[in-house]
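The structure appears right after this line, and notes come after that.
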Amino acid sequence: MEFNQLPVEVRARVKEWLAFEYDPRTREEVQWLIDNDLEGLQEAFRCDMAFGTGGLRGLMGAGSNRVNIYTLRRVTLGLASYLRSIYGEAQELRVAIAYDSRNNSQKFAQEVANTLAVNGVRVYLMRGERPTPQLSFTVRVMRCQAGVVITASHNPKEYNGYKVYWADGGQVVAPHDAGIMAAVATVKNEANSKRVPAEGQVITLGPGIDEAYLNTILQGLHHPECVRAQAKMPIVYTPIHGTGGALVPQLLKRMGFANVQVVPKQRDPDGNFPTVQSPNPEDPDAMNLALQLANQTKAVLVMGTDPDADRLGAYVRRPDGEYERLNGNQIAVLLAYYTLKSLKEKGKLPKKGQIVRTVVTTRMLDALAATYRVGVVEVLTGFKYIAHWIQAEPNANRFIFGAEESHGYLAGTAVRDKDAVQGCGLLSEMAAWCCERGQDLVGLLEELYSTYGYWREEQRSLVLEGEAGREEIAQRMKRLREKRPTALAGEKVVRVVDYLENEVNADGVLIPQSDVLQIFTDAGSLITARPSGTEPKIKYYVGVQCAYQGWEASQAAGGKRCQALLEAVMGV
1 MEFNQLPVEV
11 RARVKEWLAF
21 EYDPRTREEV
31 QWLIDNDLEG
41 LQEAFRCDMA
51 FGTGGLRGLM
61 GAGSNRVNIY
71 TLRRVTLGLA
81 SYLRSIYGEA
91 QELRVAIAYD
101 SRNNSQKFAQ
111 EVANTLAVNG
121 VRVYLMRGER
131 PTPQLSFTVR
141 VMRCQAGVVI
151 TASHNPKEYN
161 GYKVYWADGG
171 QVVAPHDAGI
181 MAAVATVKNE
191 ANSKRVPAEG
201 QVITLGPGID
211 EAYLNTILQG
221 LHHPECVRAQ
231 AKMPIVYTPI
241 HGTGGALVPQ
251 LLKRMGFANV
261 QVVPKQRDPD
271 GNFPTVQSPN
281 PEDPDAMNLA
291 LQLANQTKAV
301 LVMGTDPDAD
311 RLGAYVRRPD
321 GEYERLNGNQ
331 IAVLLAYYTL
341 KSLKEKGKLP
351 KKGQIVRTVV
361 TTRMLDALAA
371 TYRVGVVEVL
381 TGFKYIAHWI
391 QAEPNANRFI
401 FGAEESHGYL
411 AGTAVRDKDA
421 VQGCGLLSEM
431 AAWCCERGQD
441 LVGLLEELYS
451 TYGYWREEQR
461 SLVLEGEAGR
471 EEIAQRMKRL
481 REKRPTALAG
491 EKVVRVVDYL
501 ENEVNADGVL
511 IPQSDVLQIF
521 TDAGSLITAR
531 PSGTEPKIKY
541 YVGVQCAYQG
551 WEASQAAGGK
561 RCQALLEAVM
571 GV
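All residue numbers for the sequence shown refer to our numbering, where the first residue is 1 and numbers rise by one.
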C-alpha cells in the first residue's frame, strides 16, 4: 500500500499533523509511520477519538485517534465550550482534575488544567496520583460543574485516557456526552491554542481533600467493634503500581487494622507496571506477588486495586491454608449482603430501597434483595449508568448498593462511581465481622449459596484489532441478531432482548439503546454479547443457576454449563 492509496480523510489529517504547529517529536513520529507503517498510520488517523462506556481511551502516540496532548487539548477545548453553553458566560466555572500512575498522566493532566484555565475555568488539580473515585467525590465537595481524570483504568501500559464527570460526580451520559463531542468537532487548530493561564486559575488541592474523602468512607462503615476485636487480623494489599497506595493503607490503619502488609515491589506508582503483564486485579497473575506475601504472613484477606483504584480484586484464606479467589460477582454478593444486613439491623434500610446492577451482573443480587424487600434496578453496562440512576430524584434517597461484574462496587451516594478504596474498607471490615463469627468470607458465601442456590457466571472476550477486527465484531453481533438461536447447549431459548430496540427497566424508565443482545433459556441461564466500549474486543457473558451441592461439586457443574453455553454462542 502507498500513502496516496489511503482514504482521503486520513491523508488530510496526516498532512495537518505534519504542519509546523505540532511539536518536532510528534511530526517525526508521524513521518516514521509514513515511511515504515502505513497500516499503523491509517489506524492512528482514521478518525477523531470518541467517547465509549468509560470515556475516551486509547493507545498513546501521535495521531487524531491516539491519546496525546493535542487530542486531549482538543477535547478539553470542546468541554470548556460546552460548559459555557450550558452555564452561561457570567457563571464561574470550576473543574476538578485527577490523574493516575500511568506514563504521561501527570503531563496530560497539567495540559488539561492549563487549557481549561486559559479559557477562564478555575481548576482544582489533585496533588499527586489519586484514585478516580476520589475525583468523583471532589467534584461534589468542591461544587464543580465538571471533573476530568486522566486514566486508562486497568488497560495495558501503552494506553491512557480521559474521563469526564458532570456536576453530580458521575461520568457524563446523554445528552452531555454527545454535547461535548459536538463541541469538540467545532474545535479548529488545537495545536496553536496553547497559552499561559492567569495566576491563581489552577489550584493544587492539599491534604484536606484526602481527609474529607477518607472520613466519608469511615462514616459509612458498619461494625468498628469487629475491627477493634480483630485488629491483628493479617491483611495483604497491593495497589499494583497504582493510586490506591496513596490512600488504602491509610484507610485500613485509621479503621484500626494493625497488621496490614503492602506488597513492596508494587507499592510505588509506576506507569510501566513492571511486575505484571496487565495491572488488573481481575487477572490472577496480577495478584501473584500479593499471594506470595500472604502465604508468608498467613493473611486472612488479600486485596488488590487497579491503577486508578476503582476495581477491587480479592482472595480469602481457607481453613486448609489455601487461598480462594473471589470473582467480581461473588464480591458483589458479599458486599451487598453485608450492607443490607447491617442497615437492616440498624433500622436504616431506606423505604423503597434499591440495589442497582448492570445487565451483565449476577442475578443472585435479585434473590438477595427480595429477602430484604428491596428492589433491583437493571442498567446498561458501565458504572456511569448506575450513577445516572442515583442522580434522578428521588433515587439518591433510595440507593443502597451498586455493582458491576467487572469488580466495581459502590455503597452510599457520596461518590458517584465505582470505588475500590471504599470497597477495601468494607471487605476488610466484613472479613473481621466473619472472624468474630468463627467464619471466613468463602464460608459465608457457601451459606448464601445454600440459601439462594448456586449462581455461576463466566465471561470470555475475543480481541479483534484494527479495521478487520471492527468488521468481525459487527458481523458477530449481526449474526446473533439475524439467526436468533432457538437453543444453545441443549437449553431452549425462551426470550431474546435486543438493547438496540427500546427496553424499559423496573422503574418503567426507558433504557438507552445500546449494542447489547441477551438470550434467556428455559434452564434459567442468561447469555449476553456486546462489543467493548473501550477496547477492541467483543465480550460474551454467561450466567447459570442450580441447586447448591457443595463448593467443589457446584463449581464443576456450573463451570461445565457455562463453558458449553459460551462455546455455543461464540459459534453462532
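Cβ atoms here follow ideal geometry from the backbone N, Cα and C, with glycine treated the same way.
Computed from a predicted structure; not experimentally measured.
Handout entry: Neighbourhood of ALA314 by C-beta distance below 7 angstroms, restricted to the same chain and skipping five residues each side
Key = LEU301, VAL302, MET303, LEU326, ILE331 and LEU427
Exercise for the section: Could you tell me whether the Cβ atoms of ALA290 and VAL316 are closer together than 9 angstroms? Expected result: no
Handout entry: Inter-residue CB distance, VAL14 and PHE45 (contact presumed, cutoff 8 angstroms)
Key = 5 angstroms
Practice task
Determine the direct distance from the alpha carbon of PHE273 to that of CYS562, and round the result to whole angstroms.
Solution key: 32 angstroms
Exercise for the section: Check the C-beta distance from VAL573 over to LEU365 and give it rounded, since I have them as a contact under 8 angstroms. Expected result: For residue 573 there is no data in the structure shown, the boundaries of the chain being 1 and 572.
Problem - Three CB pairs or more closer than 8 angstroms across the region 56-66 and the region 80-94 - result: no
Handout entry: Identified DSSP bridge partners for PRO531
Key = ILE538
Problem - DSSP three-state assignment for CYS546, whether helix, strand or coil - result: If DSSP states are grouped into helix, strand and coil, CYS546 belongs with the strands.
Practice task
Select from SER101, LEU565 and VAL463 the residue whose C-alpha is nearest the C-alpha of ASP270.
Solution key: Residue SER101 is the option with its Cα nearest to ASP270.
Practice task
Find the nearest neighbour of ILE217 within the set VAL260, GLU447 and GLN134, judged by alpha-carbon distance.
Solution key: GLN134
Practice task
If I'm right that VAL236 touches VAL421 with Cβ under 8 angstroms, what's the distance once you round it to whole angstroms?
Solution key: Rounded to whole angstroms, the Cβ separation of VAL236 and VAL421 is 16 angstroms, and the two are not in contact under 8 angstroms.
Handout entry: Boundaries (first-last residue) of the beta strand (DSSP E) holding LYS492
Key = 491-498
Problem - Inter-residue spacing [alpha-carbon to alpha-carbon] between GLU282 and LEU312 - result: 8 angstroms
Exercise for the section: Just mark LEU18 as buried or exposed, buried being the case when its beta carbon has 16 or more other beta carbons within 10 Å. Expected result: exposed
Problem - Residues that PHE520 bridges to, as DSSP identifies them - result: Looking at the DSSP output, PHE520 bridges to ARG495 and LEU526.
Practice task
With GLY170 as the anchor, note down where its beta strand (DSSP E) starts and where it stops.
Solution key: Segment: none, GLY170 is in no beta strand (DSSP E) and carries neither H nor E.
Exercise for the section: Would you decide whether LYS348 is buried or exposed? Buried here means 16 or more other CB atoms lie within 10 Å of its CB. Expected result: With fewer than 16 other Cβ atoms inside 10 Å of its own Cβ, LYS348 counts as exposed.
Exercise for the section: Using three-state DSSP, classify ILE217 as helix, strand or coil. Expected result: helix
Practice task
Report all residues from its chain with a CB closer than 7 angstroms to the CB of HIS176; omit the five preceding and five following residues, and keep chain order.
Solution key: TRP166
Exercise for the section: Using only the heavy atoms of the ligand ZN, determine whether one of them is closer than 8 angstroms to the beta carbon of ASN272. Expected result: Looking for the ligand ZN in the displayed structure turns up nothing, as the structure carries no ligands at all.
Practice task
Return helix, strand or coil for MET142, following the three-state DSSP convention.
Solution key: coil
Exercise for the section: May I have the straight-line CA-CA distance separating GLU535 from MET570, to the nearest angstrom? Expected result: 18 angstroms
Handout entry: Contact set for ASP440: own chain, Cβ-Cβ below 8 angstroms, skip 5 residues either direction
Key = VAL300, VAL316, ARG317, ARG318, PRO319, ALA431 and CYS434
Problem - Rounded separation between TYR99 and ASP308 - CA only - result: 8 angstroms
Exercise for the section: Just the C-alpha distance for GLY438 and VAL260, rounded to the nearest angstrom, thanks. Expected result: 21 angstroms
Handout entry: Close beta carbons around TYR385, own chain, < 6 angstroms, minus the five adjacent residues each side
Key = Same-chain partners within the cutoff: VAL379.
Practice task
Would you kindly check if the distance between the Cβ of GLU2 and the Cβ of ASN59 is under 9 angstroms?
Solution key: For clarity, residue 59 is Leu in the given sequence; the question names Asn instead. No, these two residues do not count as a Cβ contact at 9 angstroms.
Practice task
Please report how far the alpha carbon of LYS298 lies from the alpha carbon of THR238, in whole angstroms.
Solution key: So the two alpha carbons sit approximately 16 angstroms from each other.
Practice task
Flag this pair as touching only if the region 452-462 and the region 542-549 have three or more C-beta atom pairs under 8 angstroms; answer yes or no.
Solution key: yes
Exercise for the section: Decide if LEU618 is buried, meaning its Cβ has at least 16 other Cβ atoms within 10 Å, or exposed. Expected result: A question about residue 618 goes unanswered here, because the residues of the chain that appear run from 1 up to 572.
Practice task
Would you list the one or two residues that DSSP bridges to VAL236?
Solution key: GLN261 and VAL302
Exercise for the section: Measure the C-alpha to C-alpha separation of GLY321 and GLY170 and round it to an integer number of angstroms. Expected result: 41 angstroms
Problem - Secondary structure of MET60, DSSP reduced to three states - result: strand
Practice task
Could you tell me the boundaries of the beta strand (DSSP E) in which THR371 lies?
Solution key: Element bounds for THR371: not the beta strand (DSSP E) but the alpha helix (DSSP H), 364-371.
Problem - Among ALA286, ALA294 and MET287, the one whose alpha carbon lies nearest that of MET233 - result: ALA294
Handout entry: TRP455 - partner residues in DSSP beta bridges
Key = The partner list for TRP455 (beta bridge, DSSP) reads GLN545.
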